[in-house]
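Have a look at the structure below, then the notes.
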Amino acid sequence: MSQKEVKRAQMLDLLTEGKIDQQEAARRLGITTRQVRRLTRRYQAAGLSGLISRKRGKASNRRLDDAICTMAIDLIGAHYRDFGPTLACEKLAELHEVNLSVETTRQLMIKAGHWHPRKGGSICAHPMRERRARFGEMIQIDGSPHDWFEDRGEYCTLLVFIDDATGRLTQLRFAPSETTLDYMQVLHDHILAHGVPAALYSDRHSIFRINAKESDPEAETQFSRAARELGIACIHAHSPQAKGRVERANQTLQDRLVKEMRLAGINNMDEANAWLPGYIEDFNRRFAVAPKDPSDAHLAYAGTPASLMRTLSVQVTKTLSKNLSCQHENQLLQVETTGTGLGLRGAKVTVHRHFDGTCELLWRKRELTYSVMDKPERQSAVADGKSVNARVDKALTRRNTGHKPAANHPWRKMPVGKSAHDGQRATP
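Residues in the sequence shown are numbered from 358 upward in steps of one, following the numbering used here.
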């Protein structure tokens, strides 16, 4: 008998002896007086055995059917062997109409050897920071390099934008690596979809801040300059744990997103970037939370799409030469004008390199038409008709393999193995 059943027997003995009434027995046992009367009849009829639960030794009415358990284990072994219990449970329900709880799925996976229970985690040394109150107050951004396509495609980086208040993914994009233009493209897409956020929370990567100790404190990177022009505050974390929201999202994505793309047959960055918007909606439906304040902290962008593109571009100042050209990234940009273009000689122009691969040339906020020319080779000195033959002869001389000494050269008279300095006396 269990301790609970022994206690019931003691209370019923006191009730039978008249030492307590039914209300007191019900209070001490935590049951109703009707249940006390029922137990009293069973105790008087069958003794202690009458107090033992009649369900003991019998299968639960809610017990899962063995056939369903076997089917679930077979499906997990065939398709979801390396999945976690939660994701495996979701896929069993979505794709196979096998509805199980996460705990039941976990127990089945442990029994089949597909999941090993994790040990208890250590005490967290970095307390959780309270979420911001409104959507758009602070967007945490980060890049996560990983083998996202599991050897089916190239090794790449996932750029992640996640809202601090709600945990909503606002943008995801695959790129070969973390670059300024890639982050500008993701920020551009975020602004078009949601508006201008109040702040961006990033790490101390050189894309976001200048880390050289000797640098000017007021110096800006291309990304921080663009954020300032858009009215976005840039905040830099001193450790990965400080921006834990996006770091934990990276861990979740490295587990779930990799497997989702495997099931969807996604094998490269172009396919993945086209497929990601639907995944973002599904992720937010599962994991996003409601903000404390339902109002939106994003501001609508007041400029034109062209001005947004120009702001979110890598900008370099160049000086036009006398022939109205400038060099940029091993290319010669030749300005095309209808007149003489005298006013543009020596002018300071700005080259805007956009994330879509195009370039703009602006002078006093006015776009200049230009063409890309092959970079000319270094020009040689001008030769007149009197010196041209001599220069050709000199060029032919350089093509000789080497100088051949004359037949009477002293070097030819030296014995083999003897140095020319052997017969010289040292100068005192």
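For glycine and all other residues, C-beta sits at the position ideal for the given N, C-alpha and C.
Residues of its chain near residue i, where Cβ-Cβ distance is below 6 Å and the 5 sequence neighbours each way are ignored
i	result
residue 500	514, 516, 535
residue 566	593
residue 469	430
residue 372	382
residue 597	604
residue 374	none
residue 743	In this predicted model, residue 743 has a pLDDT of only 47, less than 50, meaning its place in the structure is not dependable; the value taken from the coordinates is given anyway. For residue 743, where only same-chain residues beyond five positions count, there are no Cβ hits under 6 Å.
Same chain, Cβ closer than 8 Å to residue i, five either side skipped, listed in chain order
i	result
residue 563	578
residue 553	587, 588, 589, 655, 656, 657, 658
residue 472	441, 442, 463, 466
residue 780	Caution is warranted here: a pLDDT of 47 is assigned to residue 780, below 50, making its placement in the model unreliable, and the coordinate value is therefore given only provisionally. Nothing listed; no residue qualifies.
residue 632	618, 621, 623
Residue environment, residue i, which counts as buried when at least 16 other CB atoms sit within 10 Å
i	result
residue 520	buried
residue 413	exposed
residue 635	exposed
residue 418	exposed
residue 551	buried
residue 360	exposed
residue 540	buried
residue 687	exposed
residue 415	exposed
residue 512	exposed
residue 493	buried
residue 782	Its pLDDT being 45, under 50, residue 782 is placed unreliably by the model, and nothing is read from it.
residue 445	buried
residue 607	buried
residue 778	Below a pLDDT of 50, predicted positions are generally treated as unreliable, and residue 778, at 49, falls in that range; the measurement from the model is reported next regardless. Looking at its Cβ environment, which holds fewer than 16 other Cβ atoms inside 10 Å, residue 778 is exposed.
residue 457	buried
Nearest to residue i (by Cα), restricted to the options the options
i	options	result
residue 530	669, 620, 614	614
residue 611	392, 441, 432	441
residue 625	766, 390, 510, 379	510
residue 681	728, 405, 647	728
residue 649	394, 687, 490	490
residue 384	375, 538, 368, 374	368
residue 525	595, 542, 605	605
residue 546	628, 582, 669, 425	669
residue 484	701, 602, 458	602
residue 561	523, 749, 600	600
residue 689	715, 731, 653	731
residue 622	495, 507, 455	507
residue 502	487, 496, 533	533
residue 616	523, 411, 591, 505	505
residue 425	399, 495, 455	455
residue 591	427, 700, 555, 694	555
residue 711	570, 662, 699, 640	662
residue 609	570, 720, 643, 537	643
residue 538	646, 716, 764, 763	716
Assumed close pair residue i, residue j - CB separation to whole angstroms, cut-off 8 Å
i	j	result
residue 421	residue 449	That pair is no contact at about 13 Å.
residue 379	residue 390	5 Å
residue 559	residue 498	5 Å
residue 709	residue 684	Incorrect: roughly 16 Å between the Cβ atoms, too far for contact.
residue 702	residue 677	6 Å
residue 692	residue 725	5 Å
residue 486	residue 522	About 12 Å separates the two Cβ atoms, so there is no contact after all.
Extent of the continuous beta strand (DSSP E) run through residue i
i	result
residue 518	513-520
residue 717	716-720
residue 705	705-710
residue 496	496-503
residue 556	556-559
residue 527	526-532
residue 727	727-730
residue 691	688-692
residue 675	671-676
residue 664	Run containing residue 664: none in the beta strand (DSSP E); it sits in the alpha helix (DSSP H), 662-668.
For residue i, the first and last residue of its enclosing alpha helix (DSSP H)
i	result
residue 655	Taken as a continuous stretch (DSSP letters only), residue 655 belongs to no alpha helix (DSSP H), as it is neither H nor E.
residue 382	379-386
residue 393	390-403
residue 363	360-373
residue 616	601-621
residue 586	579-587
residue 448	442-453
residue 537	537-551
Residues near residue i in its chain [Cβ-Cβ closer than 7 Å; skip 5 each side]
i	result
residue 674	705, 707
residue 665	545, 548, 658
residue 365	386, 396, 408
residue 543	516, 518, 528, 530
residue 583	541, 668, 669
residue 785	Here the model assigns residue 785 a pLDDT of 39, short of 50, so the residue's position is not dependable and the matter cannot be decided.
residue 453	432
Residue-chain proximity (residue i, chain D), Cβ-Cβ < 8 Å
i	result
residue 723	Among the protein chains of the structure shown there is no chain D, as only one such chain exists.
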